[in-house]
Amino acid sequence: RITDAVINNFPESLEIINLNSCQNISAFNINHLVNLKEINCGRSRITDAVINNFPESLEIINLNSCQNISAFNINRLVNLKEIHCGGSRITDAVINNFPESLKIIDISWCQNILAFNINHLVNLKKISCVESRITDAAINNFPKSLKIIDISSCQNISNINLKHLINLKEIECIKSSITDSAINNFPGSLEIINLNGCENISAFNINHLVNLKQIGSGGSPITDAAIN
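Letter by letter, the sequence shown follows residues 232 to 459 of this note's numbering.
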């Protein structure tokens with residue numbers, strides 16, 4: 232049952248902290264931990280104010296299933312490489328202020344996101360938005376640096392256009408509401424596509440995907456025309 236007071240006295244030498252599932256923390260300050268590289272606060276009661284005081288040294292943050300966060304600003308964390316906020320109450324405004332240094336983002340199962348813009352994240356390689364409320368507008372502004380996208384079970388998407396994502400290697404669209412027209416605009420760089428369980432597809436044309444190595448479309452109403 233670790234408390235804020237204990238955390239406030241953590242030594243400056245720390246590089247990794249795991250506070251997963253800690254329910255008695257909410258207002259600690261670790262700004263003095265100038266060597267900290269990774270912190271896991273998943274399923275804790277951490278607040279926006281605490282996150283706003285995270286040290287700039289951080290490279291990996293885990294806030295999965297944190298329900299008391301929504302409006303923090305980590306734009307100043309210029310060394311941050313990964314952030315995991317799956318199942319949290321994170322908002323578009325927070326995502327819009329993510330630092331340019333990020334390479335991996337996980338906002339799966341986030342229900343308070345819709346139309347964020349991360350076009351400024353020029354170093355981003357992977358984003359997971361599984362079963363979130365993400366929209367076409369947000370996806371259409373994804374940065375061209377992306378290599379892996381997971382929009383499985385996303386039901387607010389239909390006519391996304393990913394043609395500008397010239398570095399994209401893999402896209403997961405399992406049980407999403409993606410359409411034929413969206414698939415027709417997939418970039419030629421793609422190597423792996425997963426459309427399993429997609430019910431709004433039938434006659435797409437991916438003849439232009441000359442680098443494609445693997446496609447899954449099990450449980451979808453795909454037709455002979457698409458396969459041909």
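Ideal Cβ placement from N, Cα and C applies to all residues, glycine included.
Check whether S412 and C385 have beta carbons under 8 Å apart: Here residue 412 refers to the residue found at position 181 when the sequence shown is read from its first residue. Here residue 385 refers to the residue found at position 154 when the sequence shown is read from its first residue. No, Cβ-Cβ distance for S412 and C385 is not below 8 Å.
Compute the distance between the beta-carbons of N293 and N260, then report whether it is under 8 Å. Taking the first residue of the sequence shown as 1, we reach residue 293 at position 62. Taking the first residue of the sequence shown as 1, we reach residue 260 at position 29. No, the Cβ-Cβ distance between N293 and N260 is not below 8 Å.
Starting from the C-beta of T454, find all residues in its chain whose C-beta is less than 6 Å away, skip the five residues before and the five after it, and write them out in chain order. Mapped onto the sequence shown, residue 454 falls at position 223. Sequence-distant partners of T454 (beyond 5 residues in either direction) whose C-beta falls short of 6 Å from its own C-beta, in its chain, are S433, A434.
Cβ neighbour criterion (16 or more within 10 Å) applied to G450: In the sequence shown, counting from the first residue as 1, residue 450 sits at position 219. By the neighbour-count definition (other C-beta atoms within 10 Å, threshold 16), G450 is an exposed residue.
Of all the options P418, L250, W340, S301, which has the alpha carbon lying nearest to the alpha carbon of I463? No answer is possible for residue 463: the residues shown for the chain start at 232 and end at 459.
Between L399 and T234, what straight-line distance do the alpha-carbon atoms span, to the nearest angstrom? Position 168 of the sequence shown, counted from the first residue, corresponds to residue 399. Position 3 of the sequence shown, counted from the first residue, corresponds to residue 234. C-alpha separation (whole angstroms): 44 Å.
For F241, collect the residues of the same chain with a Cβ closer than 8 Å to its Cβ; drop the 5 residues on either side in sequence, then sort them by chain order. To locate residue 241, count along the sequence shown from 1; it is residue 10. Excluding sequence neighbours, F241 sits near I248, I261, L264.
First and last residue of the uninterrupted alpha helix (DSSP H) at S412: Counted from its first residue, the sequence shown places residue 412 at position 181. That run of the alpha helix (DSSP H) goes 411-415.
Pull up the distance between the alpha-carbon of D367 and that of D381, whole angstroms please. Within the sequence shown, numbered from 1, the residue matching residue 367 stands at position 136. Within the sequence shown, numbered from 1, the residue matching residue 381 stands at position 150. Cα-Cα distance, rounded: 14 Å.
DSSP puts D381 in a beta bridge; with which residues? Taking the first residue of the sequence shown as position 1, residue 381 is located at position 150. DSSP lists S359, E403 as the bridge partner or partners of D381.
H439, buried or exposed, once every other Cβ within 10 Å from all chains shown has been counted against 16: Here residue 439 is taken as the residue at index 208 of the sequence shown, counted from 1. Exposed, because fewer than 16 other Cβ atoms sit within 10 Å of the Cβ of H439.
6 Å Cβ shell around Q202 - same chain, five flanking residues per side excluded: The shown model of the chain, from 232 to 459, leaves out residue 202, and the question about it has no answer.
Pick from N416, Q298, K268, E269 that is closest to N343, judged by C-alpha positions: Against the sequence shown, residue 343 aligns to sequence position 112. Closest by C-alpha distance to N343, out of N416, Q298, K268, E269, is Q298.
At what residues does the alpha helix (DSSP H) containing I282 begin and finish? Against the sequence shown, residue 282 aligns to sequence position 51. Here the alpha helix (DSSP H) through I282 covers 279-283.
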